[in-house]
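Sequence lines, in order, name chains P and A. Counting from 1, one number per residue, gives the positions in the first sequence under the UniProt record's numbering. Counting from 1, one number per residue, gives the positions in the second sequence under the UniProt record's numbering.
There are 2 protein chains.
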Amino acid sequence: MDDLFAGPFDSGAGPLYVQLHRRIAQAIASGALRPGDGLPPERDIAARTGLSRVTVRKSVGALVAEGALIQRRGSGTFIAPPVERLEQALSLLTSFTEDMARRGRHSDSRWLARGLHAPSPAEVMALGLGAGDQVARLDRVRGSDGVPLAIERAALPAQLLPDPQAVGDSLYALLQARDLRPVRAVQRISAASLGAEDAALLGVPVGAVSLRIERRSYLPGGRIVEYTRSLYRGDAYDFAVELTLAPQSGAPKSVASHPVPPHPSPSGPERTAP
Amino acid sequence: MDDLFAGPFDSGAGPLYVQLHRRIAQAIASGALRPGDGLPPERDIAARTGLSRVTVRKSVGALVAEGALIQRRGSGTFIAPPVERLEQALSLLTSFTEDMARRGRHSDSRWLARGLHAPSPAEVMALGLGAGDQVARLDRVRGSDGVPLAIERAALPAQLLPDPQAVGDSLYALLQARDLRPVRAVQRISAASLGAEDAALLGVPVGAVSLRIERRSYLPGGRIVEYTRSLYRGDAYDFAVELTLAPQSGAPKSVASHPVPPHPSPSGPERTAP
DNA sequence: CAGTGGTCTAGACCACTAC
DNA sequence: TAGTGGTCTAGACCACTGT
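Okay, here's the thing in C-alpha cells:
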C-alpha cells in the first residue's frame, strides 16, 4: 500500500495517466484502499510517482467523474463511500413521493419553477397543444433526507392544471383527487452526462453520469396529462423492469405487480473496467 | 460565428474553461455550428481567445465526453453528426439479433470469450451454482453495420449449455431450438461511465456514458438460464418501457405487446444543459 | 512534409479548510 | 497560517493524418 505510488512508471503500458488511473482503481477494487480513506495530496503523489501534478490530476479527475473518489477543496481526496443504491420498479406508474414513502423515507422537494408558462416546442409536440395554449410547468429538485437525487421537469396542459401553485409534495396525489390520475405511461430511458447547471443542482461533479427518463402519461380516455423529463443521479439509482416473452414466440403475459426481488450485487459507484 | 472565439473572456462568469465550454455548446445548440463542421485547431482557438492550449483542451475535452464533438488525431475536431438513436422496447424479452433483424439491420458479433470457465462469485450467486459447477461464458461486442453498439457478457450454467462453441449469431435461437428459451426475465438498468477497456471495445472516448443492463432470464419452471451484463453505448440507445397503473390504486394491467410508438424528439448527442 | 490532436512538464496563483 | 484542491500558463515532444 505504501508503494502504491512507487515506480516504475512508463513501463510501456500506455499513457502515464492511464497507468496511474489503473493503479488507484485496482487498489480500491482490491480493498487496499477502503471507503473513507484519504489519498495523499496531489503534490505528494506527483513527487512519489515522478509525474507532474497535471498528470496526476488527470488520473484522479477521471476517478472522481466515475464516482470512485471525492475531492474536497482545502481538505483532501478520499475514497468514495459505498453509495446506497435505490432500486425502482420501472413497470409501475408511481410518483417520486410514493416511491420514497414506500421505502419509509421522507421526500424533499425544492421548486425551480411552478406556474403557467408559454410551452416550449418540445412541450407543444409532446402534449399536443394548440396555438396560444399554456402549460403548467413543475420543475423541482427531488431528494431524500436532504440528499438531492433527481431533477424533475413536468409539464401539463394548463387546461388540466390551471392552478399549478396548488401542487404540494405530490403531483399525482393532486391529480388523483381531481380524477386526473394517469393510468398508462410510456417512458424512454437513456444515459446522459450532466452539464454544469444540472450537476450543480444535484451536487455532483460536472460530467457525472445520469439516467435521463422522459415520460408521457395518459388519462383513461387516451389524453396526455403529463410530459416529464427527469434526470436521476447515475450513482444513486437502479431501475428494474420485468420482461416477458417476445410476442412472436408466444402470447404476451401480464407483468408481475409485486416488488422486484432484491439483488445481491455489491452496491457502490458504478463503473466499468478501469 | 467568426468571432465565436473573440474576447472578452474572464468577464467574471466563472472559470475560463467553463465559459469557453458554454460558448461552444451554445453555438452548437443554436445551429451556428452544424454537424460535420470543423472547429479551428486547438492552437488557433488558444491564440484567438488568449487562453492556453491546456485550457482550451479542457473545454473541448468535456464536449467530446458529452458526445457533442469528435476529435480525430492528425485531422481535426468536428461537430458530432446527429446520432441515429436506436429505440428498444424494454418490456419484451428479445435478443440483440432479433432486435436488429426487426429493424432490417444486419447484426455483427465479435467474440471476446466463448467457452466453459470457472464462474466468478457474481455468477455463482446469480445463477445459483454449486461448488465445482462451470459456466458457459459468451462475451462479445455487438454492433450493426460495422458500428459497435454494445458489449454483452452472458453466463449460463454449463449444464444447460455444455457446448458454448455451438452458439452462432443468436444465443436465443439456439436456446429455442433446444427448448430452453426463457419466458421471463428481470432487468436492472443503470448508468455508468466507460473505463478504458470498455470504451476501446465500443470505439468511444474514455468516460463516455453508457447504459448498463443486468438481466436474469428464467425458464418456465423458474430455473435461471442466463445471467447477462451488457453495456450499451449511451449515445446510441434509448430504452422504452410502457407503464401501467400502480397496483395500490387499482388492478394491474397487462403490458402492451405492440411496438412502442415512435417519438418526435430531435435525435442527437444526449447532454444536459451545458 | 506540415498540421493536427495526444501527452507531459514545471511552475504559478487563487480559494478554501483545518488548526 | 499551513496545506489542500482549483485554475491557468508557456512550452515541449510524440503519433498520426493528409497531401
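For glycine and all other residues, C-beta sits at the position ideal for the given N, C-alpha and C. Predicted model, so just to flag it, every value in this text is computed and none were measured.
When you compare only the Cα positions, how much space is there between residue i and residue j?
{"i": "A:Gly221", "j": "P:Glu214", "result": "35 Å"}
{"i": "A:Phe96", "j": "A:Arg142", "result": "8 Å"}
{"i": "P:Val147", "j": "A:Gln159", "result": "46 Å"}
{"i": "P:Ala65", "j": "A:Gly207", "result": "8 Å"}
{"i": "A:Pro247", "j": "P:Arg212", "result": "Below a pLDDT of 50, predicted positions are generally treated as unreliable, and A:Pro247, at 43, falls in that range; no measurement from the model is reported."}
{"i": "A:Leu231", "j": "P:Gln187", "result": "20 Å"}
{"i": "A:Ala166", "j": "A:Ala236", "result": "30 Å"}
{"i": "A:Glu197", "j": "A:Arg114", "result": "19 Å"}
{"i": "P:Met125", "j": "A:Pro119", "result": "50 Å"}
{"i": "P:Val209", "j": "P:Leu202", "result": "11 Å"}
{"i": "A:Gly61", "j": "A:Ile24", "result": "12 Å"}
{"i": "P:Gln176", "j": "P:Ala150", "result": "23 Å"}
{"i": "A:Ala136", "j": "P:Gln26", "result": "26 Å"}
{"i": "A:Arg181", "j": "A:Tyr172", "result": "6 Å"}
{"i": "A:Ala29", "j": "P:Arg229", "result": "19 Å"}
{"i": "P:Asp99", "j": "P:Ala155", "result": "20 Å"}
{"i": "A:Leu161", "j": "A:Ala191", "result": "30 Å"}
{"i": "A:Phe9", "j": "A:Leu63", "result": "19 Å"}
{"i": "A:Gln19", "j": "P:Ser193", "result": "18 Å"}
{"i": "A:Leu174", "j": "P:Gly31", "result": "40 Å"}
{"i": "P:His106", "j": "A:Arg73", "result": "50 Å"}
{"i": "A:Thr94", "j": "P:Thr94", "result": "26 Å"}
{"i": "A:Ala122", "j": "P:Val204", "result": "29 Å"}
{"i": "P:His117", "j": "A:Ala200", "result": "45 Å"}
{"i": "P:Ile189", "j": "P:Glu242", "result": "15 Å"}
Please classify residue i as buried or exposed, where buried requires at least 16 neighbouring CB atoms within 10 angstroms.
{"i": "P:Gly14", "result": "exposed"}
{"i": "P:Asp145", "result": "exposed"}
{"i": "A:Asp139", "result": "buried"}
{"i": "A:Asp179", "result": "exposed"}
{"i": "A:His21", "result": "buried"}
{"i": "residue 279 of chain A", "result": "This structure cannot settle anything about residue 279 of chain A, because the visible part of chain A is limited to 1 through 274."}
{"i": "P:Ala131", "result": "exposed"}
{"i": "P:Gly195", "result": "buried"}
{"i": "A:Arg233", "result": "buried"}
{"i": "A:Arg103", "result": "exposed"}
{"i": "A:Leu33", "result": "buried"}
{"i": "P:Arg216", "result": "buried"}
{"i": "P:Val54", "result": "exposed"}
{"i": "P:Asp163", "result": "exposed"}
With a CB to CB cut of under 7 Å and the five nearest residues on each side skipped, what residues in its chain are close to residue i?
{"i": "A:Ala80", "result": "Pro35, Gly67, Ala68, Leu69, Ile70, Pro269"}
{"i": "P:Lys58", "result": "Tyr17"}
{"i": "A:Ser109", "result": "Arg140, Arg142, Asp169"}
Enumerate in chain order the residues of its own chain whose CB-to-CB distance from residue i is below 6 Å, with the five nearest sequence positions on each side excluded.
{"i": "P:Val56", "result": "Glu42, Ile45, Ala46"}
{"i": "P:Arg184", "result": "Tyr218"}
{"i": "P:Leu127", "result": "Pro157, Ile224, Tyr227"}
{"i": "P:Arg271", "result": "Residue placement at P:Arg271 cannot be trusted, given a pLDDT of 49 that sits under 50; the coordinates are not used to answer."}
{"i": "P:Glu152", "result": "Arg140, Arg142, Ser230"}
{"i": "A:Leu129", "result": "Pro119"}
{"i": "P:Leu112", "result": "Asp139, Arg140"}
{"i": "P:Leu39", "result": "Thr77"}
{"i": "P:Gln134", "result": "Leu116, Ala158"}
So, at 8 Å on beta carbons, what are the nonlocal neighbours of residue i in its own chain, with the 5 sequence-adjacent residues on each side left out?
{"i": "P:Ser52", "result": "Ala46"}
{"i": "A:Asp37", "result": "Phe78, Ile79"}
{"i": "P:Arg48", "result": "Phe5, Ala6, Pro40"}
{"i": "P:Ala101", "result": "Ser107"}
Can you list the beta strand (DSSP E) stretches of 3 or more residues lying completely in the region 76-146 of chain P, in chain order? 76-79, 86-89, 107-117, 135-144
Report the start-end ranges of each alpha helix (DSSP H) in the region 147-216 of chain P that is 4 residues or longer and not cut off at the edges. 171-177, 196-202
Name the residues in the region 177-200 of chain P whose C-beta lies less than 9 Å from a C-beta of chain A; which are they? Arg181, Pro182, Val183, Arg184, Ala185, Val186, Gln187, Arg188, Ile189, Ser190, Ala191, Ala192, Ser193, Leu194, Gly195, Ala196, Glu197, Asp198, Ala199
Short of 7 Å Cβ to Cβ, which residues in the UniProt domain "HTH gntR-type" (14-82) of chain A face chain P? Val18, Ala62, Ala65, Glu66
Using a Cβ cut-off of 7 Å, which residues of the region 212-228 of chain A contact any Cβ in chain P, in chain order? Arg212
Run through the UniProt domain "HTH gntR-type" (14-82) of chain A for me and flag every whole alpha helix (DSSP H) of 4 or more residues, listed as ranges in chain order. 16-30, 42-49, 53-66
Looking at chain A, which residues of the region 101-122 of chain P have a Cβ within less than 7 Å of any of its Cβ atoms? Ala122
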